[in-house]
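The opening position of the sequence shown corresponds to residue 1 in the UniProt record's numbering, with each subsequent residue numbered one higher.
Shown next, in structure tokens, is the structure this report addresses.
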Amino acid sequence: MTTTTTEPQPKRLKRDFGSSSVKTPVYTTQLIQPSAQGTSTMAASKPKRTIDLLPAEQLLRELLLECAQHFSGLQIWIAGGWVRDRLLGIPSSDLDLALSKVTGREFGMFLESFSARPEIGAKYQQRAADLGIPDARFSRFYIVERNNDKSKKLETAGGKLFGLDIDLVNLRKEVYDGQSRTPRMEFGTPEEDTFRRDATVNSLLFDLEKQEVVDLTGRGVEDLDAQIMRTPLDPRQTFMDDPLRVLRLIRIGSKLGFTIEPMTMRYMKDDDIREALDTMITRDRVNIELFKIMKHAHPEIAFQRLFEANLYTPVFIRLHSPLLPALQARCSPPPPLPPQGSPSTSATQPWPATWPRAYQLLVSLLKDTGSLGKMVRSETNPEYLWTMAAYAPFAELRQEKLREAVEEASESLRTPSKLAKVLDSALRNFDSIQDMVRTVIEQPEKPPPRSVVGMAIRSWGATWTTQVTYVMLALAASSSPSRTSSSIGADSAAQKDDTADEKSAAVAEHGEENEAEEGTHKGRDEMVQRYSLFADFVWRAGLQDAYLQRPTLDGNQVQQLFGLQKGGKFLKTALDGLVEWQFDHAESGVEEAKAWLLDRREELGIPQGG
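Here it is, written out as structure tokens:
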């Protein structure tokens with residue numbers, strides 16, 4: 001006999017997931033008896049949650065179950081992110097449907113033809129119309145054929161139905177032959193499919209027929225309530241099977257505001273796993289994860305997790321990059337090796353030690369309410385700003401290895417050419433930007449002419465605000481490292497073994513570091529103040545769009561003015577000089593511009609007519 005009681009809702013995140021018209025689901029607890037098929041004892045003995053489906057989801061459920069009756073013994077679950085998000089009260093319209101006995105391709109093709117039957121289509125279209133649900137037809141249907149050469153291990157399908165995006169795939173298990181780390185996908189049981197996933201909170205299933213959440217790991221719901229990211233299996237095995245799971249856990253955990261379970265974090269630092277992430281995973285896949293992170297509301301949380309896991313290498317620079325020794329020589333050196341017997345990690349503290357200052361400063365700048373914040377936020381592509389923060393340490397290479405630095409960043413993240421160009425420009429203009437800021441603020445009572453700053457901004461180009469932001473982030477990251485601590489429980493346990501002398505030395509060192517930390521914050525604040533004054537000047541002088549400034553006269557008009565039959569290098573000199581003059585004479589027109597050119601013919605090197 002099944003009993004139903006009301007269960008308290010899980011702990012809510014103090015995060016803003018955006019407004020939505022989707023109502024918060026209702027949770028109930030059902031005590032489910034073990035099934036005859038032998039459902040996991042651990043999972044079956046625990047209370048299970050269910051989710052009240054929204055009208056579109058309920059309609060989809062009914063159609064899928066009606067369609068499934070044409071397949072003997074077919075079971076369908078919603079898997080992964082949708083279950084997790086709905087239990088957290090987060091709207092989701094992306095459903096991954098897991099099938100027990102058929103491929104996604106086979107079921108998808110049948111679903112498309114089944115839903116197109118006149119009697120079926122009419123029934124569901126009418127019900128959808130009554131409920132105000134759009135897209136009653138199965139649209140945008142696609143099939144992904146198996147193709148081992150292109151890493152397409154499954155026959156899947158997907159499309160849009162009742163306004164919901166659905167993906168269809170069979171339950172699967174991964175089989176490794178010992179010769180390759182690339183698995184062979186085969187049909188699997190619900191347990192096999194569940195335990196092969198990256199995190200317990202992503203391993204939850206929603207049984208469409210019973211309308212209940214199934215937690216076969218026995219920890220998914222518990223970890224969801226505790227806001228913990230944990231692998232279903234041993235983390236080393238999970239990460240070695242697919243090292244990209246390291247980035248997925250960091251991305252999803254930071255998006256949700258979850259912490260990473262200590263043992264899972266320890267293995268994220270493992271040298272073998274870092275090497276596997278560097279060599280086994282294509283940079284295109286790394287790019288996808290990183291750019292998803294950068295487009296989240298709080299990328300700094302993910303960046304901090306990457307830092308704590310010592311993943312600056314290989315994520316932002318390859319482990320065996322020829323550029324790495326030069327960067328290590330210019331940045332703070334890597335910390336010493338861990339004591340013998342500790343996990344196989346190349347460093348007890350993350351590197352580069354000062355990198356967090358860059359992304360922490362970016363968070364502060366984005367919140368600034370003055371001209372400086374306005375300048376930073378004028379970059380409308382968040383991934384551009386966070387890429388600047390990611391590569392702030394590379395500013396140390398601008399004098400000798402600028403081209404190699406840009407190439408390394410472009411290759412490591414597979415950055416779009418436009419983004420690579422921004423980084424290139426920021427490095428090339430780095431010293432020019434610093435000089436101009438100094439020029440503006442060193443004599444506040446006697447600021448430079450508009451033309452001085454306007455011509456500089458014009459030379460930096462359309463992305464000048466992002467370049468200036470990069471300079472600030474790089475300056476923040478270039479000072480002496482602050483004390484960084486890890487929240488990993490294992491590290492805390494190791495610290496208990498310190499001798500009294502070591503503790504005394506640590507106290508003394510901590511005092512020195514506190515002084516250095518205070519000095520660092522003071523230096524950063526002073527630097528931010530300088531750049532804030534610079535931004536104030538630019539906005540007050542109306543120079544934020546100086547890069548768009550064009551000469552009042554074009555080349556042909558200048559030639560006609562001086563009676564010249566052909567142009568030459570002098571034209572660029574004349575036109576640049578005219579633009580500079582315009583910055584200081586904004587109200588002047590064409591006639592004044594002509595008069596100015598005529599007066600400075602010899603100075604501008606304009607030849608005699610003829």
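Quick reminder that beta carbons are idealized off the backbone N, C-alpha and C, glycines included.
Everything numeric in this text was worked out from a predicted model, so none of it was measured.
Rounded C-alpha distance that separates residue i from residue j
i: Arg600; j: Leu578; result: 10 Å
i: Ala56; j: Thr313; result: 45 Å
i: Ala595; j: Thr552; result: 12 Å
i: Gly563; j: Asp576; result: 20 Å
i: Lys150; j: Ser417; result: Legend: pLDDT at Lys150 = 39, less than 50; position of this residue unreliable, value from coordinates given subsequently. When rounded, the distance between both Cα atoms is 25 Å.
i: Gly104; j: Gly218; result: 27 Å
i: Ser92; j: Ala297; result: 17 Å
i: Phe570; j: Leu598; result: 14 Å
i: Val440; j: Lys446; result: 9 Å
i: Leu327; j: Phe394; result: 7 Å
i: Gln211; j: Leu402; result: 58 Å
i: Lys374; j: Val437; result: 17 Å
i: Gln125; j: Arg84; result: 29 Å
i: Arg428; j: Val558; result: 32 Å
i: Lys160; j: Ala546; result: 46 Å
i: Gly589; j: Ile133; result: 59 Å
i: Ile250; j: Met527; result: 31 Å
i: Gln399; j: Phe107; result: 59 Å
i: Asn287; j: Arg137; result: 34 Å
i: Ala474; j: Gln608; result: 49 Å
i: Ile120; j: Ser139; result: 15 Å
i: Glu603; j: Arg377; result: 41 Å
i: Leu548; j: Lys269; result: 47 Å
i: Thr520; j: Pro352; result: 16 Å
i: Val144; j: Ile90; result: 29 Å
i: Arg540; j: Tyr531; result: 14 Å
i: Pro449; j: Asp435; result: 15 Å
i: Ile281; j: Ala405; result: 22 Å
Pick from the options that is closest to residue i, judged by C-alpha positions
i: Thr415; options: Gly158, Glu526, Arg285, Leu533; result: Arg285
i: Glu411; options: Glu580, Phe316, Pro235; result: Phe316
i: Val471; options: Asp135, Ala462, Tyr391, Pro448; result: Tyr391
i: residue 643; options: Lys292, Thr463, Glu404, Lys421; result: Here the chain comprises residues numbered 1 to 610, so residue 643 is not present and cannot be evaluated.
i: Thr231; options: Leu256, Asp207, Ser203; result: Ser203
i: Ser221; options: Phe239, Leu208, Asp241, Thr200; result: Ser is not the amino acid found at residue 221; the sequence shown has Val there. Nearest option by C-alpha distance: Thr200.
i: Ala456; options: Ala477, Tyr142, Arg330, Phe430; result: Phe430
i: Arg196; options: Asp130, Gly370, Arg245; result: Arg245
i: Gly253; options: Val214, Glu186, Asp223; result: Asp223
i: Glu408; options: Lys367, Leu323, Leu372; result: Leu323
i: Asp368; options: Gly567, Glu289, Lys421, Asp525; result: Asp525
i: Arg61; options: Glu112, Phe162, Ser72, Gly73; result: Phe162
i: Leu88; options: Glu112, Thr238, Lys255; result: Lys255
i: Gln237; options: Glu174, Leu216, Phe206; result: Glu174
i: Ile166; options: Asp193, Ala129, Leu63, Phe187; result: Leu63
i: Leu53; options: Glu209, Met388, Arg283, Lys292; result: Glu209
i: Val422; options: Gln467, Thr354, Glu396, Asp435; result: Gln467
Residue i vs residue j beta-carbon contact at 8 Å
i: Trp77; j: Ala98; result: yes
i: Ala68; j: Asp96; result: no
i: Thr189; j: Gln227; result: no
i: Trp386; j: Met294; result: yes
i: Val543; j: Gly461; result: In the sequence under discussion, the amino acid at residue 543 is Leu, which differs from the Val named in the question. No.
i: Gly158; j: Leu168; result: yes
i: Leu365; j: Thr469; result: yes
i: Phe303; j: Tyr359; result: yes
i: Leu361; j: Tyr384; result: no
i: Arg274; j: Leu233; result: no
i: Ser451; j: Phe583; result: yes
i: Pro243; j: Leu277; result: yes
i: Ala477; j: Arg357; result: yes
i: Val213; j: Thr50; result: yes
i: Glu261; j: Met229; result: yes
Cross-strand partners of residue i (DSSP beta bridge)
i: Thr259; result: Ile228
Only counting runs of 4 or more residues, tell me where the alpha helix (DSSP H) segments fall wholly within the UniProt domain "Poly A polymerase head" (76-230), in order along the chain. 81-87, 104-115, 118-131, 190-195, 220-226
Runs of 4 residues minimum, wholly inside the segment 355-385: which ones carry the alpha helix (DSSP H) assignment? 355-367, 371-377
Exercise. Within the segment 411-486, note down every full alpha helix (DSSP H) run reaching 4 residues or more, in order along the chain.
Key: Given a length threshold of 4 residues, each whole run of the alpha helix (DSSP H) inside the segment 411-486 is given here in chain order: 417-428, 430-441, 450-460, 464-478.
What alpha helix (DSSP H) runs, 4 residues minimum, are completely inside the segment 543-599? 555-562, 569-584, 590-599
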